[in-house]
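Trainee: The structure follows.
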Amino acid sequence: MKVTKEFVFDAAHYLPNYEGKCERLHGHTWKLQVTVDAPLDGPSGLAFDFVKLKNLTMERVVNRLDHQVVNDVVANPSAELIALWTWHQLRELPLFEVKVWETPTSFASCFAADYAAWTPPTEPAAVHTREEHVRAGR
């Protein structure tokens, strides 16, 4: 059975390897949807506890990205790479799908095969000060 929790957070990012307006620092109200796949437990009537899903996702993902420059957490933070990074943060859960919306009409979906084909960065994203972001023209 699929159990899904949605989250909304505000954060800025820029795409350093992109030519166009998204290469400059800009912000979004992001939407994140995390879906797990677990068997229904007869006695409790639950497949997966919404509270557990919420608490883990808030701690490991949303609280790290909310009101931040996402580039300081996720290198080259496209919606696709944020979805993969989110899967990585929650990888011990029985994940089925992770969706990340940049806008109300644009999102990326990540499934197990996508995560299996991805190599997580060996080093964390570089953390920059606000002044460094501005100086870089972002």
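Under the numbering used here, the very last position in the sequence shown is 175; numbers go up by exactly one each time. Positions of the beta carbon are idealized from the N, C-alpha and C atoms, including for glycine. Computed from a predicted model, the values in this text were never measured in an experiment.
Starting from the C-beta of Ala75, find all residues in its chain whose C-beta is less than 7 angstroms away, skip the five residues before and the five after it, and write them out in chain order.
Mentor: Closer than 7 angstroms at Cβ, skipping near neighbours: Met38, Val40, Ala84, Phe85, Pro131.
Trainee: Is it the case that the Cβ atoms of Leu121 and Asp151 are separated by a distance below 8 angstroms?
Mentor: For Leu121 and Asp151, yes; Cβs fall inside 8 angstroms.
Trainee: Assign Glu129 to one of two classes, buried (16 or more other C-beta atoms within 10 Å of its C-beta) or exposed (fewer than that).
Mentor: Classification for Glu129: exposed.
Trainee: Can Ala49 and Val106 be called in contact, C-beta distance under 8 angstroms?
Mentor: Yes. Within cutoff.
Trainee: Around the Cβ of Val88, are there at least 16 other Cβ atoms within 10 angstroms (buried) or fewer (exposed)?
Mentor: Exposed, by the Cβ-count rule.
Trainee: Quick check on the burial criterion: 16 or more other C-beta atoms within 10 angstroms. Buried or exposed for Pro114?
Mentor: Classification for Pro114: buried.
Trainee: Report yes if the CB atom of Leu90 is closer than 8 angstroms to the CB atom of Phe46, and no otherwise.
Mentor: Against a cut-off of 8 angstroms, the Cβ pair of Phe46 and Leu90 comes out as no contact.
Trainee: Looking only at its own chain, which residues have a Cβ that is under 7 angstroms from the Cβ of Thr94, when we skip the five neighbours before and after it?
Mentor: Cβ within range, chain order: Lys42, Phe44, Val71, Leu127.
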